[in-house]
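>
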Amino acid sequence: MKSLLPIRILYVIAAAYDGLLGLAFIVAAPQIYELTAITPPNHWGYIHFAAGVLVIFGLMFLLIALRPVENRNLVPFGVLLKVCYVSTVAWHAYQGDIPALWKYFAVADAAFFFLFLWSLVPLEKAAAAATAPGPKAG
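Its first residue numbered 252, the sequence shown is counted upward by one per residue in my numbering.
1. Using 8 Å as the threshold, is the C-beta distance between Ala302 and Phe276 below it?
2. With Gly309 and Gly273 assumed to form a contact (beta carbons below 8 Å), what rounded beta-carbon distance in angstroms separates them?
3. Between Asp269 and Val372, what straight-line distance do the alpha-carbon atoms span, to the nearest angstrom?
4. Under the assumption that Lys333 contacts Phe364 (Cβ atoms under 8 Å), give the Cβ distance between them as a whole number of angstroms.
5. For Thr382 and Phe367, what's the separation of their Cα atoms in angstroms?
6. How about Ala378 and Arg323: do their beta carbons lie closer than 8 Å?
7. How about Ala357 and Val337: do their beta carbons lie closer than 8 Å?
8. Would Leu352 and Ile289 be called neighbours here (beta carbons separated by less than 8 Å)?
9. What residue does the alpha helix (DSSP H) around Leu256 start on, and which one ends it?
10. So, His299 versus Ala280, is the Cβ gap smaller than 8 Å?
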């Protein structure tokens, strides 16, 4: 069986990216908005909720990294997270101006989207190999 190390690394990176990004916006959202000259929302709760969701997904990606074959059923949720963010940013970019910061995150999430889809193939192959019956003793 091929090594799943590249997939484990992918999901560790995804866990760190989403988890740390979420934590940063929980802890320092006003400073991030000020530093990037983005007009903040009328209430920080909007940002803190979304940031908390990112932390939760970061934990999910860590679970995938630790047991990729067993937790491969979680990968589609990561794919949907990335579709949701990228499509939201793309729509608002199409409609008018959107801060560059959100576009940078969308580019990263688009890359994760394709990598997550790619990871499903070797994960399914590994799962099939793990459940395949062995040779019969004669």
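Note that CB positions come from ideal geometry on N, CA and C, so glycine has one too. Owing to the predicted nature of the structure, the values given are computational and were not obtained by experimental measurement.
Inspection of the coordinates gives the following:
1. For Ala302 and Phe276, yes; Cβs fall inside 8 Å.
2. Yes, Gly309 and Gly273 are in contact; Cβ-Cβ is about 6 Å, under 8 Å.
3. Taking the straight line joining both Cα atoms gives about 23 Å.
4. With a contact defined as Cβ atoms closer than 8 Å, Lys333 and Phe364 qualify at about 4 Å.
5. About 23 Å.
6. In contact: Ala378 and Arg323 (Cβ atoms closer than 8 Å).
7. Cβ distance < 8 Å, so Ala357 and Val337 count as in contact.
8. Going by C-beta atoms, Leu352 is nearer than 8 Å to Ile289.
9. Bounds of the alpha helix (DSSP H) holding Leu256 are Leu256 to Leu286.
10. Yes, Cβ-Cβ distance for His299 and Ala280 is below 8 Å.
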